[in-house]
């Protein structure tokens, strides 16, 4: 059987937290147009690595207690992950496989890893077409925001940031946050498989004071050559942040926002630009990003 080449493997980060259902439903929605395979990745902490941070003055009994509690917490989180996968896949009619494979519909497998959360997800992301994360404004796992940022900046893979609750009709109405820069262009290119199937596409550009908004002619031509019709809207920034303006314009009018992700992989303390920072911490709809 021949498969569409655009999207074959989607990586979904699950933690055993409250947002896992939205992550899996979004991943399945992204996989469905291509009958792609979803790999749900669950990362257990490296307990040996954690022990190294204890000082020599800490008793062995305390260390053992911490290790036992951490192991129990990881087991409970893994159990919740399996329950969520079974529930969501049952509702979505997605077959759960023991190993990655493709069939005539969407399939899913669970991959468990152990170690540093960011490193494990980043490594798995390098050979995935898209990586799906849960929302970060109320992160339900320590280190998830770091994993998101490292994946975005170090892998060149498209990343989808889920909203807190899954919304039906994913990818039918897509908004593009456009500033003419490389990251935004790469985000549009990465989102082409979804833009091509959308019912409506709207280009959003922000005007700052009396300055002219970023021209959209080249983008409209690019989309047209891919067979994609679009409209455009210019929003006045006023005294608000650009990210806030984009989110306000897209929320309610779209079910997916495509934007560039800006940042510097070597400077973790100031990793992402202001627009990206605001979008990832305030988004009420799924956001598709490429760094």
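Numbering (my numbering), first residue to last: 192 to 482. Idealized CB from N, CA, C, for every residue including glycine.
Contact check for residue 279 and residue 297: beta-carbon distance about 11 Å, past the 8 Å limit, so the pair fails to qualify.
For secondary structure counted as the beta strand (DSSP E) over 3 or more consecutive residues, the stretch 288-322 holds these complete runs in sequence order: 298-305.
Pairwise C-beta distances place the stretch 440-449 in contact with the stretch 383-399, as three or more of them are shorter than 8 Å.
The three-state secondary structure of residue 228, taken from DSSP, is strand. Between residue 231 and residue 268, the C-beta spacing is not below 8 Å. Scanning 426, 198 and 482 for the CA closest to the CA of residue 402 turns up 426. When the Cα atoms are used, residue 370 and residue 307 turn out to be separated by approximately 35 Å. When the Cα atoms are used, residue 411 and residue 303 turn out to be separated by approximately 42 Å. As the crow flies, the alpha-carbon of residue 216 is around 10 Å from that of residue 210. DSSP places residue 430 in the coil class of the three-state scheme, outside both helix and strand. Between residue 479 and residue 436, the gap from beta carbon to beta carbon reaches 8 Å or more.
The C-beta separation of residue 358 from residue 446 comes to about 6 Å, placing the pair in contact by the 8 Å criterion.
According to DSSP, residue 221 shares a beta bridge with no other residue. Comparing alpha carbon positions, the residue from 452, 224, 238 and 233 closest to residue 346 is 452.
The beta carbon of residue 376 lies closer than 6 Å to none in the same chain, with the five residues before and after it left out. Between residue 288 and residue 422, the alpha-carbon positions lie close to 41 Å from each other. Residue 411: member of the alpha helix (DSSP H) spanning 408-416, first to last residue. As DSSP reads the structure, residue 386 sits in no beta bridge. In this structure, DSSP gives residue 362 a state outside helix and strand, which the three-state scheme calls coil.
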